[in-house]
Amino acid sequence: MTTAPGRRSSTFTRLLRHGFTDPSAAEQLLDLDALASVRSDPVLLEALGATADPDLALRGLVRIVEAGEEGERQVLLDTLVSAKPLRDRLLGVLGASEALGDHLARHPRDWQALVTYESVDLHPGVAEFEQGLADAVDPDSLRVAYRRCLLTLAARDVCGTTDLAQTAAELADLATATLRAALAIARTAAPEDAAQCRLAVVAMGKCGGRELNYISDVDVIFVGEARDGVDETKAMQAATRLAAHMMRICSDTTVEGTIWEVDANLRPEGRNGPLVRTLSSHLAYYQRWAKTWEFQALLKARAVAGDPELGAEYVEAVSPLVWGAADRENFVPDVQKMRRRVVDNIPADRIERELKLGPGGLRDVEFAVQLLQLVHGRSDASLHSGSTLEALRALAEGGYVGRADAAQLDEAYRFLRSMEHRIQLYRLRRTHLVPEDEADLRRLGRSLGMRTDPVAELNKAWKRHASVVRRLHEKIFYRPLLDAVAQLAPGESRLSAKAAAIRLEALGYADPAAALRHLEALSSGVTRKAAIQRTLLPVLLGWFADSADPDAGLLGFRKVSDALGKTPWYLRLLRDEGAAAENLARVLSAGRLAPDLLLRAPEAVAILGDPEGLTPRTREHLEQEVLAAVGRAGDAESAVAVVRGVRRRELFRTTAADLIGSYGTEDSPAEQDHGALVDRVGSAVTDLNAATIAGALRAAVRERWGDTLPTRFAVIGMGRFGGHELSYGSDADVLFVHRPREGVSDEEAGRAANAVVSEMRRLLQLPTADPPLLIDADLRPEGRTGPMVRTLKSYEAYYRRWSLVWESQALLRAEHMAGDEELGRAFVELVDPLRYPMEGLGEDAVREIRRLKARMESERMPRGADPTLHAKLGRGGLSDVEWTVQLLQMQHGWAEPGLRTTRTREALAAACAADLIPAEDAQTLDEAWVLAARVRNAVMLVRGRPGDTFPSDPRELAAVGRYLGYEPGHVGDMLDDYRRTTRRARAVVEERFYGAAG
């Protein structure tokens, strides 16, 4: 064909119109002699244009024609243009699968397998596939026969003769026939082994469920028994050789490629266990050692090859174990663990293209269906199906899943599986990634019937279906629970109260009857409030179930809803502010402290919907608010009531931020820098307590003296308060200092200062709904026997004459917190020479500090406490690290400005920077201190009261574990890790604190 320069030929234009992306190359192919007899046939061009990739289909056709014998070429071409079934099938396959095009180029006569169009050919079963593989006598001929069968199967698929479920079932049937053929080849190669044993092959996974992909590992389990008169050990060895040979026949790569991997890793003990076991050995393992996920896998077990009686015995024997798995002791924590999406191992650049494991992927549907089968299948045999789609249909018919939800999931699952099939069919490679290349996306879209704008249509449909799965895969657990109690849809099958309780129990609710009562109270009725609750609760219930105490989460939500249900903004906040509902669920189900704080003033829930709501307020901001509130109040008690209300609200803000940062949310992963979490809590609670004390001080002064106290007065923070390291349950350690104003006698000033202290402490401990703030002044000179308040001169005289080394050590934490700033600075300047003595500490002082520490370890540890698990006084705990750091500060603070800080971690970092402690030792101490501090915070958050040891209650211990980042069922790992971390820290303390001075 010659065309004038600059003008396109009519063929070029027609090719373009028929969907060719490279018309010039296609035109050249059509000009080849091999296609001379059909190049102008409009039927051929139209059929090519109907394929997923016309360019690929044409290239494949040319390769087949050129590879064929001279006489056979014309037969193919004549049949192609005269027989529509062949034309559609052959070109459809060539346009969708480069790999099958390669096969046909190597075996050009195999196109004839597509000519037959009988009814039996439309839906073949295992017997027909076995017939197709009957002539295979070695691995190569098996591969060729397998590809020939796969060719006919793919042709039915791309032409729409079979739907997704039928195609997946045929692929499983072809795999069954292939396993039988491979086992026959293995037996023929080793007749002595075959004579010694009975061997059954049980399909698992998608093959067992008759829902296989084009390219997927075929999961199997082997069961063997000795034949009569044969020693069992020898029989098992023979069965193992046969099984291993069968696997190699399918998995090895030869000149004809490979079929697929046969994976036996689902067997008892996985790769570490024997490849073949007897039936009794399998049962012994499952009854004693198996985990929940293994019973979930056995749900799809189906005998497919080898000894049919033995295979049937195996399936029958394990069936009761599968359907009784929900009664197992660890079922709930195992389910919680399995329900958590495992996407950590997917590279970030792939997660959005993952059809199987990504958010809204195939795994979400499959897992949800399997879990509901395990929960309800023990009492309903209609759910005993290995097929995801069949089981989903049965769940809907039984009322276990809403019909509308099931229909949407069915449609989404079929679409996503069809995408997966077409992606794998192209090169017959095992992949679940949606391609990025435009040409690949175009072929994929066209293969699914999208012709106008295939790429855009495909992406739109894919995202829509993935969104449906993301939205529904959790809700299908919970929506039927609401239907069971709300009963708003007459005529629809719904869960019975018993089935609803069973499901709640399986999802981690310890008191399902109470949970159902809460759900009924929240969602029943036809009010707008109930309607919104029915929308919110399916998601909230999932988040509650993801915690260590789902019951507490649901109860807390009911209490908050009861308190705020008539407030128009509350439900609107949870419905419309994406993060608010999840944040609330995390906070309510993580322990007692945060819900207690919230329920005393439920309107604080608004904090959870504000993008800046979880950011701690600065001390300046807090003091401004507190002092303004005191100024407006009528008397001291009402003033401090407002101040304590502010403290409660800010404590809730801090606990909420800590919990959400520790747990993470769906959109924001958990904070990995645990030191930063501890520092934020310590700083926030310190600033909050300092502002509270400032407010109480102002209120006490105004009540009796107006704006001016007869003496200047300052509050000095000590201990964790001065170190900005307060935990939620810490008292505020302080010293009180005053300086009489000009013209005021020492006696009058002293009386005023003592009166202010007494009134402040009374006001901050008044019994109210808000948590008290306890002020502890026991670190003052002479301790409890000494005066509560001293003048600056009195402190100076005492420290100059009587100060002990422990008092100098305690002063390392001294920092002005409230009251007169100038006086506070003067106090700090006064004590600097004591805490950072020139030339450091003498040997006697170092010995005294070590003696005090040793005495404290032996005397102050509570009786019966485990010293390896006590966060404050135990081995490698807070005290160990702090005394080690403080010794370095007192020895070297005079020369190293970085050590002059009240904060432990800052001082430790400065000591490391100054080469006073090796970096490895500093890191060991820092990790132990942060971990111990987090344990104390966790105990307070979980139990609602302070504690220095891990809780003994299993549910509370699990909640501490979740806060610390451990999955359900791993509290043992948590305790082991704590002991390991603190043991290493103690070794550093032994060397650095109790070692040589200097």
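When we follow our numbering, the leftmost residue of the sequence shown carries the number 384, and every step to the right adds one.
Idealized CB from N, CA, C, for every residue including glycine.
(request) Measure the beta-carbon distance from VAL1139 to PHE1096 and round it to whole angstroms, keeping in mind my assumption that it falls under 8 Å. (result) Sequence index remark: in the sequence shown, residue 1139 carries index 756 (1-based). Sequence index remark: in the sequence shown, residue 1096 carries index 713 (1-based). Right, the Cβ-Cβ distance comes to about 6 Å (below 8 Å), so this counts as a contact.
(request) Please determine, among GLU481, HIS1253 and LEU1252, the residue with the shortest C-alpha to C-alpha distance to GLN807. (result) Sequence index remark: in the sequence shown, residue 807 carries index 424 (1-based). Between GLN807 and the set GLU481, HIS1253 and LEU1252, the nearest pair of CA atoms involves GLU481.
(message) Rounded to whole angstroms, what is the Cα-Cα separation between MET630 and GLU513?
(response) For the purposes of this step, residue 630 is identified with residue 247 of the sequence shown, where counting begins at 1. For the purposes of this step, residue 513 is identified with residue 130 of the sequence shown, where counting begins at 1. When only Cα atoms are considered, MET630 and GLU513 end up about 18 Å apart.
(request) From the DSSP output, in three-state form, read off ASP602 for me. (result) Your numbering for residue 602 matches position 219 in the sequence shown. Residue state, collapsed to three classes: strand.
(message) Cutting at 6 Å between CB atoms, please list the residues of its own chain near ALA552, excluding the five before and the five after it.
(response) As a first step, residue 552 is located in the sequence shown; it is residue number 169 there, counting from the start. Hits under 6 Å: ARG593.
(message) My output table needs one value for ILE447: the three-state DSSP class, helix, strand or coil.
(response) Against the sequence shown, residue 447 aligns to sequence position 64. Correct three-state label for ILE447: helix.
(message) Looking only at its chain, what residues have a beta carbon closer than 8 Å to the beta carbon of LEU1213, apart from the 5 residues adjacent to it on each side?
(response) Position 830 of the sequence shown holds residue 1213. LEU1175, TYR1178, GLU1179 and TYR1182.
(request) Could you tell me which residues DSSP pairs with GLU608 in its beta bridges? (result) Within the sequence shown, numbered from 1, the residue matching residue 608 stands at position 225. Residue pairing by DSSP places GLU608 opposite ARG581 in a beta bridge.
(message) If the criterion is Cβ atoms closer than 8 Å, does the pair ALA618 and GLN579 meet it?
(response) For the purposes of this step, residue 618 is taken as residue 235 along the sequence shown, with counting starting at 1. For the purposes of this step, residue 579 is taken as residue 196 along the sequence shown, with counting starting at 1. Their beta carbons are under 8 Å apart, which means ALA618 touches GLN579 by this criterion.
(request) Determine the closest residue to MET1239 out of GLU1226, GLY1247 and LYS1255, with distance taken between C-alpha atoms. (result) Translated into positions along the sequence shown, residue 1239 becomes position 856. It is LYS1255 whose Cα lies nearest to the Cα of MET1239.
(request) Tell me whether GLU803 sits in a helix, a strand or coil according to DSSP, three-state version. (result) If you number the sequence shown from 1, residue 803 lands on position 420. Three-state DSSP puts GLU803 in a helix.
(request) Report yes if the C-beta distance between TRP1277 and MET1221 is below 8 Å; otherwise report no. (result) Counted from its first residue, the sequence shown places residue 1277 at position 894. Counted from its first residue, the sequence shown places residue 1221 at position 838. Against a cut-off of 8 Å, the Cβ pair of MET1221 and TRP1277 comes out as a contact.
(message) Taking its Cβ as the centre, do 16 or more other Cβ atoms sit within 10 Å of ASP1153, making it buried, or is it exposed?
(response) Stepping through the sequence shown from its first residue, residue 1153 is reached at position 770. Looking at its Cβ environment, which holds 16 or more other Cβ atoms inside 10 Å, ASP1153 is buried.
(request) Using the DSSP secondary-structure output, state which residues sit across from PHE1119 in a beta bridge. (result) As a working mapping, residue 1119 is identified with position 736 in the sequence shown. Within the DSSP bridge table, the entry for PHE1119 names VAL1098 and VAL1172 as partners.
(request) Report yes if the C-beta distance between THR394 and GLU410 is below 8 Å; otherwise report no. (result) As a first step, residue 394 must be located in the sequence shown, where it is residue number 11. As a first step, residue 410 must be located in the sequence shown, where it is residue number 27. Taking 8 Å as the cut-off, the Cβ atoms of THR394 and GLU410 count as close.
(request) Pair every Cβ in the stretch 992 to 1007 with every Cβ in the stretch 942 to 951, then say whether three or more of these pairs are closer than 8 Å. (result) Pairwise C-beta distances place the stretch 992 to 1007 out of contact with the stretch 942 to 951, as fewer than three of them are shorter than 8 Å.
(request) Report the three-state DSSP secondary structure of ARG660 (helix, strand or coil). (result) Working through the sequence shown from its first residue, we reach residue 660 at position 277. Residue state, collapsed to three classes: strand.
(request) Please work out which residues of its chain come closer than 6 Å, Cβ to Cβ, to CYS633, disregarding the five sequence neighbours upstream and downstream, and give them in chain order. (result) Translated into the one-based positions of the sequence shown, residue 633 becomes position 250. Taking CYS633 as the centre and dropping the five residues before and after it, the same chain places the C-beta of ALA565, ILE642 and VAL645 closer than 6 Å to its C-beta, in chain order.
(request) Could you give the DSSP three-state label for GLY592: helix, strand or coil? (result) Along the sequence shown, read from residue 1 onward, the residue named residue 592 stands at position 209. Coil at GLY592, not helix or strand.
(request) May I have the straight-line CA-CA distance separating PRO1329 from GLY607, to the nearest angstrom? (result) Residue 1329 sits at position 946 when you count from the first residue of the sequence shown. Residue 607 sits at position 224 when you count from the first residue of the sequence shown. The C-alpha of PRO1329 lies about 58 Å from the C-alpha of GLY607.
(message) Quick check: what's the CA-CA separation for ASP747 versus GLY1352?
(response) Along the sequence shown, read from residue 1 onward, the residue named residue 747 stands at position 364. Along the sequence shown, read from residue 1 onward, the residue named residue 1352 stands at position 969. The straight-line gap separating the alpha-carbon atoms of ASP747 and GLY1352 is approximately 22 Å.
(request) On a CA-only basis, which of PHE927, GLN916 and ASP576 is nearest ARG958? Give me that one, please. (result) The residue given as residue 958 occupies position 575 in the sequence shown. If we check each option's Cα against that of ARG958, GLN916 comes out closest.
(message) Could you compute how far the alpha carbon of VAL541 sits from the alpha carbon of LEU831?
(response) Taking the sequence shown and counting its residues from 1, one reaches residue 541 at position 158. Taking the sequence shown and counting its residues from 1, one reaches residue 831 at position 448. Their backbone Cα atoms lie some 9 Å apart in a straight line.
(request) Pull up the distance between the alpha-carbon of ASP493 and that of LEU441, whole angstroms please. (result) Mapped onto the sequence shown, residue 493 falls at position 110. Mapped onto the sequence shown, residue 441 falls at position 58. C-alpha separation (whole angstroms): 17 Å.
(message) I'd like the span of the beta strand (DSSP E) that includes ALA1197, first residue to last.
(response) Taking the sequence shown and counting its residues from 1, the one referred to as residue 1197 is at position 814. DSSP places ALA1197 in no beta strand (DSSP E); its state is neither H nor E.
(request) Tell me whether PRO1245 is buried or exposed, calling it buried when 16 or more other Cβ atoms sit within 10 Å of its Cβ. (result) What you label residue 1245 is simply residue 862 of the sequence shown in a count that begins at 1. Counting of Cβ neighbours within 10 angstroms places PRO1245 among the exposed residues, the total staying below 16.
(request) Could you check which residue in LEU1034, SER1045 and ASP1050 has the C-alpha nearest to that of ALA1074? (result) The count along the sequence shown starts at 1 and reaches residue 1074 at position 691. Per the Cα distances, LEU1034.
(request) For LYS858, count neighbouring Cβ atoms within 10 angstroms of its own Cβ and tell me buried if that reaches 16, exposed if not. (result) For this step, residue 858 is matched to residue 475 along the sequence shown. Flag for LYS858 reads buried.
(request) Label GLU1339 either buried or exposed according to how many other C-beta atoms from any shown protein chain fall within 10 Å of its C-beta, with 16 as the threshold for buried. (result) The count along the sequence shown starts at 1 and reaches residue 1339 at position 956. By the 10 Å Cβ count, GLU1339 comes out buried.
(request) Return the first residue and the last residue of the alpha helix (DSSP H) that ALA688 is part of. (result) By one-based count along the sequence shown, residue 688 stands at place 305. Secondary structure note for ALA688: it is in no alpha helix (DSSP H), and the uninterrupted beta strand (DSSP E) holding it is 685 to 689.
(message) Only counting the same chain, and skipping five residues up and downstream in sequence, which positions put a Cβ closer than 8 Å to that of GLU1130?
(response) On the sequence shown, position 747 is the one that residue 1130 refers to. Cβ neighbours of GLU1130 beyond the five flanking positions: none.
(request) Report the rounded CA-to-CA distance for VAL943 versus PRO978, giving the unit in angstroms. (result) The residue labelled residue 943 in the question sits at position 560 within the sequence shown. The residue labelled residue 978 in the question sits at position 595 within the sequence shown. One alpha carbon belongs to VAL943, the other to PRO978, and they sit about 9 Å apart.
(message) At the 8 Å Cβ level, is HIS1353 part of the contact set with chain C, yes or no?
(response) Included in the structure is just one protein chain, with no chain C present.
(message) Let's see if you can read the secondary structure: which residues bound the alpha helix (DSSP H) around TRP952?
(response) Numbered from 1 along the sequence shown, position 569 holds the residue referred to as residue 952. TRP952: member of the alpha helix (DSSP H) spanning 951 to 959, first to last residue.
(request) Note down, in chain order, each residue of its chain lying with its Cβ closer than 7 Å to the Cβ of ALA968, except the 5 sequence neighbours on either side. (result) In the sequence shown, the residue the question calls residue 968 occupies position 585. The answer, listed in chain order, is LEU923, TRP926, PHE927 and GLY936.
(message) In the DSSP output, what is GLU737 paired with across the bridge?
(response) In the sequence shown, residue 737 corresponds to position 354, counting from 1. Bridge partners of GLU737: LEU816.
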